[in-house]
Amino acid sequence: GLSQLMPSTAASVAQRLKIVDPDLQDPATNLAIGVRHLANLLGSAGSMTKALLAYNAGLSRVRQWERARPGLPADLFIESAAIAETRDYLRKILVSSVMYAFLYRDADPRDAALSFFSISKGPLEPAPAAPGRDRMNPR
71 GLSQLMPSTA ASVAQRLKIV DPDLQDPATN LAIGVRHLAN LLGSAGSMTK ALLAYNAGLS
131 RVRQWERARP GLPADLFIES AAIAETRDYL RKILVSSVMY AFLYRDADPR DAALSFFSIS
191 KGPLEPAPAA PGRDRMNPR
């Protein structure tokens, strides 16, 4: 379906939404369940990146990866995911979010990518040179 929900997950979320016999072929129902599931994951995972990983691979797997690789920045955490499909899933979401931000908000693609990872300034950007100092020859 539209939100790519596992049947057991859809049934559980639908029950919490008080939707009896949900029709996952109905776009409005499918999206309501998918959005609620993602919101629940966001509350549990603590970041959008980890919630999206959990949406694809499951929250228990994300917790395993966190324990195995504590403290990684979001971009490296995605690349360290043990499931190739999940890494590809997040890459597709990143590319889509950058394109939509560019097309519909006229956002700079680099800024959109950084915001995906909750980074306000690029980590590889050089620091501004001190006044009167040559950054290439710091003597």
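For the numbering used here, count along the sequence shown from 1 and bump the result up by 70.
For every residue, glycine included, the Cβ atom is placed at its ideal position computed from N, Cα and C.
A quick note: this is a predicted structure, and the numbers were derived from the prediction, not measured.
Q. Does DSSP classify residue 80 as helix, strand or coil?
A. For the purposes of this step, residue 80 is identified with residue 10 of the sequence shown, where counting begins at 1. Residue 80 falls in the helix class under three-state DSSP.
Q: Using only alpha-carbon positions, find the residue among 150, 82, 100, 86 that is nearest to residue 123.
A: Looking up residue 123 in the sequence shown gives position 53. Ranking 150, 82, 100, 86 by Cα distance to residue 123 puts 150 first.
**Q.** Presumed contact (8 angstroms Cβ cut-off) between residue 153 and residue 127, rounded CB distance
**A.** Indexing the sequence shown from 1 puts residue 153 at position 83. Indexing the sequence shown from 1 puts residue 127 at position 57. Residue 153 to residue 127, Cβ: 5 angstroms. Contact.
**Q.** Whole-angstrom C-beta distance between residue 132 and residue 107, which should lie under 8 angstroms
**A.** As a working note, residue 107 is residue 37 in the sequence shown. As a working note, residue 132 is residue 62 in the sequence shown. Not confirmed; about 14 angstroms, so no contact.
Q) Roughly how many whole angstroms lie between the Cα atoms of residue 144 and residue 105? A) Taking the sequence shown and counting its residues from 1, one reaches residue 144 at position 74. Taking the sequence shown and counting its residues from 1, one reaches residue 105 at position 35. Rounded to whole angstroms, the gap between the alpha carbons of residue 144 and residue 105 is 22 angstroms.
Q: Compare the beta carbon distance of residue 94 and residue 75 with 8 angstroms and say whether it is the shorter of the two.
A: The residue given as residue 94 occupies position 24 in the sequence shown. The residue given as residue 75 occupies position 5 in the sequence shown. It is a contact, given that the beta carbons lie within the stated cut-off.
Q) Candidates 117, 182, 96: which alpha carbon is nearest residue 166's? A) Numbered from its first residue, the sequence shown carries residue 166 at position 96. Measuring C-alpha to C-alpha distances from residue 166 to each of 117, 182, 96 identifies 182 as the nearest.
Q: Just tell me which of 114, 88, 116, 117 has its CA closest to the CA of residue 103.
A: For this step, residue 103 is matched to residue 33 along the sequence shown. With distances taken between Cα atoms, residue 103 lies closest to 88.
Q.
Could you tell me the alpha carbon to alpha carbon distance between residue 147 and residue 113, rounded to whole angstroms?
A. Here residue 147 refers to the residue found at position 77 of the sequence shown. Here residue 113 refers to the residue found at position 43 of the sequence shown. Residue 147 and residue 113: Cα-Cα distance of roughly 18 angstroms.
Q) Leaving out five residues before and five after residue 69 in sequence, what residues of the same chain have Cβ atoms less than 8 angstroms from its Cβ? A) What is shown of the chain runs 71 to 209, which leaves residue 69 out entirely.
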